[in-house]
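This report concerns only the one structure given below.
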Amino acid sequence: VWSEKFQSQGVDASRLDLLPLTRTNQEHLALYSRVDVALDTFPYAGTTTTCEALFMGVPVVSLRSDEGGGCHAQNVGVTLLNQVGLLGLVAESEDGFVETAVALAHD
Numbered sequence: 014v015w016s017e018k019f020q021s022q023g024v025d026a027s028r029l030d031l032l033p034l035t036r037t038n039q040e041h042l043a044l045y046s047r048v049d050v051a052l053d054t055f056p057y058a059g060t061t062t063t064c065e066a067l068f069m070g071v072p073v074v075s076l077r078s079d080e081g082g083g084c085h086a087q088n089v090g091v092t093l094l095n096q097v098g099l100l101g102l103v104a105e106s107e108d109g110f111v112e113t114a115v116a117l118a119h120d
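Here the sequence shown stands for residues 14 to 120, where the numbers follow the numbering used here.
Structure follows, in structure tokens:
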């Protein structure tokens, strides 16, 4: 079902790895070895997944939001990246988000 939804948006199924739930936290964290770049969610930013990715050495790109007064839930990724000295991974616009992610993917 998910593959079909992605395909309807122009994403080829061969580019997707849709994985089942893992049995242990160790197995779950080990999957980060397959990830090159993590993209923070928007408008509600990730917290646990952002921390996991950073812990496992995977860069996370986050989008700063001023919507709704820039509430914490929309900017958790920004806060986390600031605390670990990675403000260069914070985008100020949607275009900047894409540019930062593409640059990391080509690195």
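Note that CB positions come from ideal geometry on N, CA and C, so glycine has one too.
What's the gap between the Cα of residue i and the Cα of residue j?
{"i": "arginine 47", "j": "methionine 69", "result": "11 Å"}
{"i": "arginine 77", "j": "valine 50", "result": "17 Å"}
{"i": "valine 91", "j": "serine 75", "result": "6 Å"}
{"i": "glutamate 107", "j": "tryptophan 15", "result": "24 Å"}
{"i": "asparagine 38", "j": "proline 72", "result": "20 Å"}
{"i": "alanine 43", "j": "glutamate 65", "result": "10 Å"}
{"i": "proline 56", "j": "arginine 28", "result": "24 Å"}
{"i": "leucine 93", "j": "glutamate 17", "result": "34 Å"}
{"i": "leucine 102", "j": "threonine 113", "result": "7 Å"}
{"i": "glutamate 40", "j": "glutamine 87", "result": "29 Å"}
{"i": "glycine 109", "j": "leucine 117", "result": "12 Å"}
{"i": "glutamate 105", "j": "glutamate 80", "result": "12 Å"}
{"i": "glycine 83", "j": "alanine 58", "result": "12 Å"}
For residue i, which of helix, strand or coil comes out of DSSP?
{"i": "valine 50", "result": "coil"}
{"i": "valine 103", "result": "strand"}
{"i": "valine 71", "result": "coil"}
{"i": "leucine 34", "result": "coil"}
{"i": "leucine 76", "result": "strand"}
{"i": "valine 24", "result": "coil"}
{"i": "tyrosine 45", "result": "helix"}
{"i": "cysteine 84", "result": "coil"}
Is residue i buried or exposed, if buried means 16 or more other CB atoms sit within 10 Å of its CB?
{"i": "glutamine 20", "result": "exposed"}
{"i": "threonine 35", "result": "exposed"}
{"i": "threonine 96", "result": "Sequence inspection shows glutamine at residue 96; the threonine mentioned does not correspond to that position. Under this definition glutamine 96 is an exposed residue."}
{"i": "aspartate 53", "result": "buried"}
{"i": "threonine 63", "result": "buried"}
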